[in-house]
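Here is the structure we will look at, set down as structure tokens.
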Amino acid sequence: MKQRYINLILILVLLAAVIWIDLPSTTKLPLVNKPIATVLGLDLRGGMQVILKAEIPEGTVVAPDALQVAKQILENRSSGLGVNEVQFQVAGSDRIVGEFPGLTNTEDVIAAIKQVGVLEFVDLGNNDWNFSQGQEIKTDFTLPNKTESVPVPPADGSQPAEPPVFHTIMTGNDLVSAVVDMPVPGTYQINFELTPNGSKIFGDYTKNNIGKILAIVLDNKIISAPRINSAITEGSGTIQGQFTYDEANALAVQLRYGSLPIPLSVEQIRIIGPTLGSDSLSKSLLAGLIGLILVAAFMIIFYRLPGVTAVFAIFIYAAITFALFRLIPVTLTLPGIAGLILSTGSALDANILIFERLKEELRNGRTLFQAIDLGWKRAWPSIRDSNIATLITSLILFWFGSSFGASFVKGFAITLALGVLVSLFSAIVVTRTFLAIALDLIKHPENHLKWFGI
8 MKQRYINLIL
18 ILVLLAAVIW
28 IDLPSTTKLP
38 LVNKPIATVL
48 GLDLRGGMQV
58 ILKAEIPEGT
68 VVAPDALQVA
78 KQILENRSSG
88 LGVNEVQFQV
98 AGSDRIVGEF
108 PGLTNTEDVI
118 AAIKQVGVLE
128 FVDLGNNDWN
138 FSQGQEIKTD
148 FTLPNKTESV
158 PVPPADGSQP
168 AEPPVFHTIM
178 TGNDLVSAVV
188 DMPVPGTYQI
198 NFELTPNGSK
208 IFGDYTKNNI
218 GKILAIVLDN
228 KIISAPRINS
238 AITEGSGTIQ
248 GQFTYDEANA
258 LAVQLRYGSL
268 PIPLSVEQIR
278 IIGPTLGSDS
288 LSKSLLAGLI
298 GLILVAAFMI
308 IFYRLPGVTA
318 VFAIFIYAAI
328 TFALFRLIPV
338 TLTLPGIAGL
348 ILSTGSALDA
358 NILIFERLKE
368 ELRNGRTLFQ
378 AIDLGWKRAW
388 PSIRDSNIAT
398 LITSLILFWF
408 GSSFGASFVK
418 GFAITLALGV
428 LVSLFSAIVV
438 TRTFLAIALD
448 LIKHPENHLK
458 WFGI
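Numbering (the working numbering), first residue to last: 8 to 461.
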């Protein structure tokens, strides 16, 4: 069997696979169970964009990767809360941009994910200060001079000059897991397990402090202050309080994924209406369809049979590219669609270069098969160089978008780069295979040079 027919079979198998992936009903890839979905960005789907600013106190030394760590924790917390398709990006040196497609009322989610989430187990002794749930206290966890003693209020009942500082027994870093439990209908608590080191610290402390108060403190606020009734040596415990399910789940998520390395505040919230997004998408698709029809008409009128093969190749290119977008997945935005259309132009440009070379070889007296081979070989350097330049530009745009939190720029760069790579395959393999097979099917193709625009 000739190589061109082997290529055709492979192309048809690939086409069948990508059409199946492109179908809206396809949601998972068999065997690997990978989800398949078309992910729309804020400008197409609507939603909310939130800019979080790092609140770094003067004189505080922050690790260089603190924002990246915070970004990862925010993503993990969002997933834990069941909020899907959320994207966070580091923007500049002190901001994180969060995008919530399809959501416009995310105040509770934002409050849960941006909370620093520092959990402390604090020794209150006999609670002589009469602290209660919700009150703020100071601990020695972040202070340089730690103290093992429990502060005592003044005997005369007056207020001390400085707020008392209490000793932190251990922190949330000693937790292995935290899950929500409902021991009684309508009552929620968080069950936690400790690391071996945390189990030893917790066991020794509770054994030596039976009858005392151990406060469970989150971001300097007391959420629970139980009395120690017996030694707890099994390495697990519960956090009880007046929680709703959402509050208990948010706290469990914070404890599971750790505390933020830096405090964050909401600097800006921008809501994009879904009506605007839907309108933008429909108009973009219509514009793209009209453009493809006009280009297809030009290719067929000007290049005849090669133009027909190029049009088929372009549709295969579009199917493969969209399948990749669903598999990766790539978030589609308006700039991303612009990048896709631009890469379609690159695919057509490659075909035009090849066809012009083919016509030159035919005018120089070459046979059709010779003209096809020479046309591809002589057009390849120009195609290669132009596409490499486009890929380099895409990399620069992607770096720019990543550095400054410009998700739309990243979307444009990704779709442009993927489109260029697929367009190379389309022009070099698909169009050439279709054209060679068309020549096989035509009797005496040399007598039909007008079909090739000659």
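From the three backbone atoms N, C-alpha and C, an ideal C-beta is built for every residue, glycine too.
A quick note: this is a predicted structure, and the numbers were derived from the prediction, not measured.
N-terminal and C-terminal residue of the alpha helix (DSSP H) that P313 is part of: L312 to L334
Candidates V69, G179, F138 and V429, of which the one nearest R263 by Cα: G179
R277 Cβ short of 8 angstroms to the ligand NAD heavy atom set: The ligand NAD is absent from the structure shown, which contains no ligands of any kind.
Identity of the residue in A386, W387, A424 and R391 nearest L404 by Cα: A424
Selected residue, minimal CA-CA separation from K366, among K35, Y310 and D188: Y310
Segment contact, 8 angstroms Cβ cut-off, at least three pairs: the segment 122-136 with the segment 177-194: yes
Rounded separation between A357 and V69 - CA only: 50 angstroms
Residue range of the unbroken alpha helix (DSSP H) whose run includes R234: It is not in any alpha helix (DSSP H) - R234 carries neither H nor E in the DSSP assignment.
Exposure of D50, with buried meaning 16 or more beta-carbon neighbours within 10 Å: buried
Boundaries (first-last residue) of the alpha helix (DSSP H) holding F376: L375 to F411
Length of the line joining the Cα atoms of I421 and F332: 10 angstroms
DSSP bridge partner residues for I176 (one or two, in chain order): Per DSSP, none; premise fails for I176.
Distance CB(G53)-CB(G105) smaller than 9 angstroms: no
Between the CA atoms of F411 and L349 - distance to the nearest angstrom: 23 angstroms
Whether S28 touches I269 by CB criterion (9 angstroms): Note that residue 28 corresponds to Ile in the displayed sequence, not to Ser. For I28 and I269, no; Cβs fall outside 9 angstroms.
First and last residue of the uninterrupted alpha helix (DSSP H) at K417: S414 to F432
Under the three-state DSSP convention, the category L262 falls into: helix
Inter-residue Cα distance where the pair is S184 and E143: 25 angstroms
The beta strand (DSSP E) enclosing Q140, as first and last residue numbers: Unbroken run through Q140: none, as it is neither H nor E.
Cβ pair P342, V416 closer than 9 angstroms: yes
Which residues DSSP lists as bridging A61, in chain order: L271
The segment 425-433 in contact with the segment 115-123 per 3-pair CB rule at 8 angstroms: no
Cβ-Cβ separation, G248 to L201 (assumed contact under 8 angstroms), whole Å: The Cβ separation is near 19 angstroms, so there is no contact.
Bounding residues of the beta strand (DSSP E) (the contiguous stretch that carries V191): L182 to V191
Rounded C-alpha distance that separates T213 from Q122: 29 angstroms
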